[in-house]
Every structure is written in C-alpha cells, then in structure tokens.
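**Student:** So that we are looking at the same thing, I have put the structure below in structure tokens.
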C-alpha cells in the first residue's frame, strides 16, 4: 500500500551500519527548562556532508550494480541532497552529476564539487530542473536519484528515527512525540514509518516554514496542496512546492499533524543553538527546534525528540543572523 | 605525592553521574582525511554552561556541607569557571559570588548572572583578582573555589578523560594520544591522571596558545615558567600566566610534551569546526583541534582524541572570525 514499510528502514540501517554516522541525540538542561519537558536533539549536522541526506542517497546508490553503476547517477537538489548523493557516489566509486539552482548557497555548491561531483547550474525561475536532469540522465544512461520521492531514499532517511528510538531508550527518556523538519516529506515519512511501527503511541509531526506549509495544509485538507507562487523563506533546504507523491500518503496515514514556523522563529532558533546548544544549524534544519522553543509543539508530559536535519549554512548568512543578537543587545 | 590519583577521578565520576552531561565523542570522515588518522572530538560545548568547567566546580561544591554551604562560595574567573561554579551552586542551593575581569566576554558575564550568581568586576591590569576574592571570602565566611589549583577541581575535570576512554572503546578506536586545551592545567592534569593510569602507552599532550605557552616551556625547562608581560591571545579562556602549583607536578610527570598554536591557527580551526564539524567552538576550546588540523600533533598510527573544552564565544567575535572566510573566498 505504501512505498515503504518499517522493515525497509531496518534493512537500510544494516546497509548504513559503519558507513553513515550514528549522530548524537543531545539533551540540554537549559532547553528542557524553556520547553518544560525533556527535549532530545538529533543532530544530523554531524552526519557526512552536514545533513541527513547522505542516508537516503547511500541507501539508494548502494543498490545500483554493473553497467548502471558505471554510468552513474544524476540528481537535482538545492544543496543537501546534492552533497549526500556526491558523497555516497564517491564512497561507492560511481560518477555523479548534480543539477543545482544557480542561487543555491555557495557553501553547498562548493562542497558538492569538492566531493567530486560534476555540477550543472540552472535558473530556478525560468528552467525546469526535472527536465534538465531527465535529459542528462537519458544522454548518459545514468540513473536519476530524486531527493525524496523514492522508496530507498525514504527508507534511508527513516534510519534517523530508528536511532532516535534506540538513543532515547539509552537516555531513559520515554518519547511522546517526534518533530521532523519537512520539505518534500522523505525524512518525515521515513521517520514516521519506523517510529509508528515500533510505538504507535508516539506522535510524529512535520514542521515547515510557514510560507511553505504545503504538508501541514495537505494534512488538513486531505489532498496534496501547493505553495503559493512567489513564496519565499530563508529555509533553502525546505523550498518544496508540494508534498511528494510517495511521501504524502505515508505522512497522511501516520502524522498527528503539521506545524509551521516563521523565518524570524527560525533565526531565533539558530541563535539559541549558537548560544546554548553550541551547534551550527542551517535555517531549514532549525524549524523543529524553533517549534519547541516557541511553544508550538503540542503538550506532552513525555519527552520530545527534535530532528535537526542539517547545518550547511553560508558563513556570511550565519554571521548576519548572529549579528542580529549583537545589534539587539 | 600528587594532588590527586586516578581513583579521585573515578569517584568524581560517581558524583557527577546523572548531573553532568556525558558529552559526545564525535568522529568525522572529513577530519580523519585531513589528519591522516582517526580523530575523536570530545565536545564539552554540550556540557552544562558550555564548557568542561562545570565538572570540577560541581565536584568541589558538592563536598561543602552545613554552615559552610549556607555561606556559599567565591570564585574568580574570566568566564567559564565562573559559569561552572554558578551552575553548580544553583543546583546545590548555595550562594555564589564571582570576581570577573571587566573585559571578560559579555556572553560569559551575562550567562554567569543568569545562573543566579553575584558578580564583582575588577580591572585585569591594575587589580588583583586573588586579593579581591580573598577579601570577599573572608568577609562572608565563604569558601574560595580556585579555577584549577584544587584537588577536587582537577579530579572533576579528569572525568573528561574517563569518558573519552569509554567512548573510544565504544567506537572501537585504539587511542594513541589525547590532546588537551591547557590554561592553568587542571583539565590536562585530571585527564592525564586518569588516562595514564588506565593505559600508560597513550600519550597526553597539553595544547596552548603560542603567546601563553607557559606549560610547554615549563615541561621543557623542568620548572614553572611565566608568560611574558603584555602577552595577548584571542583564547580568553587560556590566559593563565603560569602553570598551577598542584597541576604542574602532575603534568610534568605524565605528559609527553606541550604543543602551541597561533591565534591564526585557532581561528582557522574555529572556521573548520563551523564548516565541517558544525560545532560552535570558542577560541580557547579550539587549540587542540587546531594542533591536529595544522599537523602539529605528533605522528601516531592510532587514533587521536581532541578535547574541545568550551564554546562560549561572543556572537560578534564569532561572526567576525567567520567573515574572514567570506572575505578570503
């Protein structure tokens, strides 16, 4: 019925064992105090390439064999998926070509190139990344690796949820809810699939930028809603116009709801992470933390796990966001 | 013969169990590649108050009972020890008065105050913090808590070493050396005491800012050397003029040597931590990482553990250091 089940996530975990980083689940007394509950921070900034995307990419690429492996892969991405695919391809000895928007953060373009991938830039407003990627893939006989709408990708991202459950148990924390940053919904769907299978009483929520709250609205309306034209957000990793075909049915069946945060709340969460958690977090990676910090997470007497999905932020933007503290006092 | 032995560290660990954060020991493929060895990063930025100092402070304060507890404690510190003492005092329900230099980072002063401590400022150039603290302690019948020259403080800091050994074993890493940020030498002495007791073949090195390399020079000369008048460094946490009376004999007996890094190397390490480790690190907390990144750690075929001792850095300074990347490239 769904694109994946929990055993696909468990199998992905065996593929990723010793390859992906088992990122830390961190707890801070100062954050617990603000949130009025135990908050466990799953820090995917410590993952290879600075985001969870390596998990799904490796789980997908590791299934490609023979002549297809030699032809390599093509992916389109604003940055984190690009780096994840490039790193997985390098580890597996496959060529990778990445179609990136010309206005993607410089750090994401530079890191993707440094990982040995070939990059083709496109104009986000006038060109279609899907068409460019499809043409390039056809030309080379390469396999396209979509950022979220793929069963192996979803299952790979779901390993974040498996680790959260194991690490929460190690920390003797009874989880009541998991908040997941949501763009196309692959991470959310993967985490929800695993978490609800193990413990259906844990609530899983997606968290999005308020201008890109397509998943939240889709969960309410029951159909895949589309983001308004011209919408913008600093959360460059989450600028997906509509939930994925494969991810939405999963999220619709399993999520307890969708939350949304403003860009100002995201920036405040990034500053809090700098000041108190001592973690670098990119805008899109900070939305779930922002929801907890701003009282948007539904009440629970149990612990809340918050996924910090990535940390690839341009130093100039980061410095500017930090400087808002300085100028504010 | 020495101020502490390894069992004092083990006992401190039982005092700190469930109170201090068991901070993560992180590993990054990108860092291993640069260093040409496995590098394990002990991230004390995730400790209460953003540095390891809470460990020693709590281990000291928890031994104070009765009337002495009601009279509270007095400490002098440029910041991290202040916050550690303030947080420990709050947890234990004791008053704390902290003597801080007027030019300490604003974030450290603000955080110390936020933890409920009373603050007295002094002029670093014209006044003696020791005399001010002694007078205030006498006046109140309060106990002075020195930043490093105290057996309980040294033993508490040593729990960092205990965790490193346990976590390296969990990570199946055979440790060849441990690099420790060094100011007065309390953290270094505590870590060395525990590590050398468990495995004498592991080399422990202190790492200092090159303008404050008193421990490195003292290790070479065999006596406690003093930093040149007017020396300066961005590593505000490590501006100690000479090794401690209690810490130096331990370090002299146990260390394999003392390393030193320039402020430019420290800044580069902070930028690397931002870009690749996704960790916020303060200047003084980055010296051991800087040594590994700049090829200053002695050769080993085994793994190197690097202590990141703290992460309390003013956002304006941090933004300025990050901006040097932007302007450079």
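Protein chains in written order, with the working numbering: chain A, 42 to 370; chain B, 42 to 370. Backbone N, C-alpha and C fix where the C-beta goes; we use that ideal spot for every residue, glycine too. Predicted, not measured: the structure shown is a model, and the values here were computed from it.
#1: Rounded to a whole number of angstroms, what is the C-alpha to C-alpha distance between residue 312(B) and residue 180(B)?
#2: Can you find a CB in chain A that lies within less than 8 Å of the CB of residue 359(B)?
#3: Quick one: does residue 324(B) have its CB under 8 Å from some CB of chain A?
#4: Can you name the start and end residues of the alpha helix (DSSP H) that residue 264(B) belongs to?
#5: Name the chain A residues whose beta carbon is nearer than 7 Å to that of residue 321(B)?
#6: State yes or no: is the beta carbon of residue 67(B) nearer than 8 Å to at least one beta carbon in chain A?
#7: Report the option in 324(A), 320(A), 294(A), 283(A) whose CA atom is closest to the CA atom of residue 303(A).
#8: Have a look at residue 123(B) and residue 174(B) and give me their C-alpha separation to the nearest angstrom.
#9: Rounded to the nearest angstrom, what separates residue 215(B) and residue 82(B) at their Cα positions?
#10: Quick check: residue 158(B) and residue 115(B), are their CB atoms within less than 8 Å of each other?
#11: Going along the chain, which residues of its own chain have a beta-carbon closer than 7 Å to the beta-carbon of residue 164(B), five neighbours each way excluded?
#12: Would residue 284(B) count as contacting chain A if we go by Cβ distances under 8 Å?
#13: Where do the N-terminal and C-terminal ends of the alpha helix (DSSP H) with residue 125(B) fall, by residue?
#14: For residue 194(A), I'd like the list of residues in its chain whose CB is within less than 6 Å of its CB, leaving aside the five on either flank, ordered along the chain.
#15: Counting only C-beta atoms, is residue 367(A) closer than 8 Å to chain B at any point?
#16: Say whether chain B places a C-beta atom closer than 8 Å to the C-beta of residue 61(A).
#17: Taking 8 Å as the threshold (beta carbon to beta carbon), is residue 335(B) in contact with chain A?
#18: Does the pairing of the segment 291-305 of chain B with the segment 245-254 of chain B give three or more beta-carbon distances under 8 Å?
#19: What residues of chain B sit near residue 91(A), judged by a beta carbon separation below 7 Å?
#20: The alpha helix (DSSP H) that contains residue 48(A), what's its start and end?
#21: With DSSP as the reference, identify every bridge partner of residue 141(A), one or two as the case may be.
#22: Give me, in chain order, the residues of the same chain whose beta-carbon lies closer than 7 Å to that of residue 71(B); leave out the 5 immediate sequence neighbours on both sides.
#23: Leaving aside the five residues before and after residue 327(B) along the sequence, list all residues of the same chain whose C-beta is less than 6 Å from its C-beta, in chain order.
#24: Looking at the secondary structure, which residues open and close the beta strand (DSSP E) in which residue 249(A) lies?
#25: Under 8 Å, do residue 222(A) and residue 126(A) count as touching if we go by C-beta distance?
#26: In terms of residues, what are the limits of the beta strand (DSSP E) holding residue 156(B)?
#27: Would you mind working out which of 305(B), 112(B), 66(B) sits nearest residue 274(B), comparing C-alpha positions?
#28: If you check the beta carbons only, do residue 121(A) and residue 351(A) fall under 8 Å apart?
#29: Counting only C-beta atoms, is residue 86(A) closer than 8 Å to chain B at any point?
#30: According to the neighbour-count rule (16 or more other Cβ atoms, all chains shown, within 10 Å of its Cβ), is residue 47(A) buried or exposed?
#31: Just confirm the distance between the C-beta atoms of residue 62(B) and residue 88(B), as a whole number of angstroms; I'd bet it's less than 8 Å.
#32: Any chance you could list the alpha helix (DSSP H) runs of at least 4 consecutive residues sitting entirely within the segment 52-100 of chain A, in chain order?
#33: Check the Cβ of residue 70(A) against every Cβ in chain B and list those closer than 7 Å, keeping chain order.
#34: How many angstroms separate the CA atom of residue 67(A) from the CA atom of residue 66(B)?
#35: Taking only the alpha-carbon atoms, compute the straight-line gap between residue 45(A) and residue 77(A) and give it to the nearest angstrom.
#36: Go through its chain and collect everything with a Cβ distance to residue 288(B)'s Cβ below 8 Å, but skip five positions before and after it.
**Tutor:** Answer, in terms of the structure:
#1: 45 Å
#2: yes
#3: no
#4: Where residue 264(B) is concerned, there is no enclosing alpha helix (DSSP H), given that its DSSP letter is neither H nor E.
#5: 315, 319, 320, 321
#6: With 8 Å as the cut-off, residue 67(B) counts as an interface residue toward chain A.
#7: 324(A)
#8: Between the alpha carbons of residue 123(B) and residue 174(B) lies a distance of about 12 Å.
#9: 14 Å
#10: It is not a contact, given that the beta carbons lie outside the stated cut-off.
#11: 143
#12: Not closer than 8 Å to any Cβ of chain A, the Cβ of residue 284(B) fails to qualify, so no.
#13: Residues 121-133.
#14: 97, 101, 227
#15: Here the model assigns residue 367(A) a pLDDT of 45, short of 50, so the residue's position is not dependable, and the following value carries that caveat. At a cut-off of 8 Å, the C-beta of residue 367(A) has a neighbouring C-beta in chain B.
#16: no
#17: no
#18: yes
#19: Under the 7 Å cutoff, chain B gives 319.
#20: 47-57
#21: 162(A)
#22: Excluding sequence neighbours, residue 71(B) sits near 317.
#23: 307, 310, 311
#24: 244-250
#25: no
#26: Here residue 156(B) belongs to no beta strand (DSSP E), and DSSP marks it neither H nor E.
#27: 305(B)
#28: yes
#29: yes
#30: buried
#31: 5 Å
#32: Fully enclosed alpha helix (DSSP H) runs of 4 or longer: 70-76.
#33: Taking a Cβ-Cβ threshold of 7 Å, the residues of chain B close to residue 70(A) are 89, in chain order.
#34: 12 Å
#35: Rounded to the nearest whole angstrom, the C-alpha separation of residue 45(A) and residue 77(A) is 35 Å.
#36: Answer for residue 288(B): 44, 189, 190, 195, 225, 226, 227, 229, 230, listed in chain order.
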